[in-house]
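If you're matching positions, the sequence shown starts at 9 in the numbering used here and goes up one per residue. To keep things clear, I will list the structure first and then write my remarks on it.
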Amino acid sequence: MLEFQPRERAYLSSIRALSQDQDDNVVFVGMTLAESVWYAHYVAQSYNGDVARGDEAEARYLALHDQHEQARRVVLAGESLMQSLETSVQ
Numbered sequence: 009m010l011e012f013q014p015r016e017r018a019y020l021s022s023i024r025a026l027s028q029d030q031d032d033n034v035v036f037v038g039m040t041l042a043e044s045v046w047y048a049h050y051v052a053q054s055y056n057g058d059v060a061r062g063d064e065a066e067a068r069y070l071a072l073h074d075q076h077e078q079a080r081r082v083v084l085a086g087e088s089l090m091q092s093l094e095t096s097v098q
């Protein structure tokens, strides 16, 4: 389970980084719950300076990060398109 402080959750929500899976778990957009938990743990360890660079974990992090960012851009593009359509209908 992902746990965030209120300010963290607000920020991540505002940049469309969070979503809910089919079981109503909070996840990072484009990731499963297991991937999201692993990713959040890796990022926290990284900020604390507790991860080794150049290993399999870093490669997994980078792959998940790319997967997440691609999915997040799709969400943002969809929102932008909906806003454009709403504006043109008014």
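The beta carbon of each residue, even a glycine, is placed where N, CA and C say it ideally should be.
Would you report the Cα separation of residue i and residue j, rounded to the nearest angstrom?
i	j	result
Arg61	Thr95	47 Å
Ser44	Leu89	27 Å
Ala67	His73	10 Å
Val35	Asp63	25 Å
Ala71	Val59	16 Å
Ala100	Gln28	In this structure the chain extends from 9 to 98, so residue 100 is not present and cannot be described.
Report yes if the CB atom of residue i is closer than 8 Å to the CB atom of residue j, and no otherwise.
i	j	result
Thr37	His76	Looking at the sequence itself, residue 37 is Val, so the reference to Thr does not match. The answer is yes: Cβ separation under 8 Å.
Tyr69	Tyr47	yes
Provide the residue(s) that pair with residue i in DSSP beta bridges, ordered along the chain.
i	result
Ser27	Val35
Let me make sure I understand the geometry here. Which of the options has the alpha-carbon closest to that of residue i?
i	options	result
Val82	Val45, Ile23 and Asp32	Ile23
Ala65	Gln78, Gln30, Ser88 and His49	His49
Leu10	Asn33, Ala85, Gly86 and Gln78	Asn33
Using C-beta distances below 6 Å, list every residue in its chain close to residue i, excluding the 5 sequence neighbours before and after it, in chain order.
i	result
Gly57	none
Leu20	Leu26
Whose C-beta lies closer than 7 Å to the C-beta of residue i among residues of the same chain, with five residues either side of it excluded?
i	result
Ala79	Val37 and Gly38
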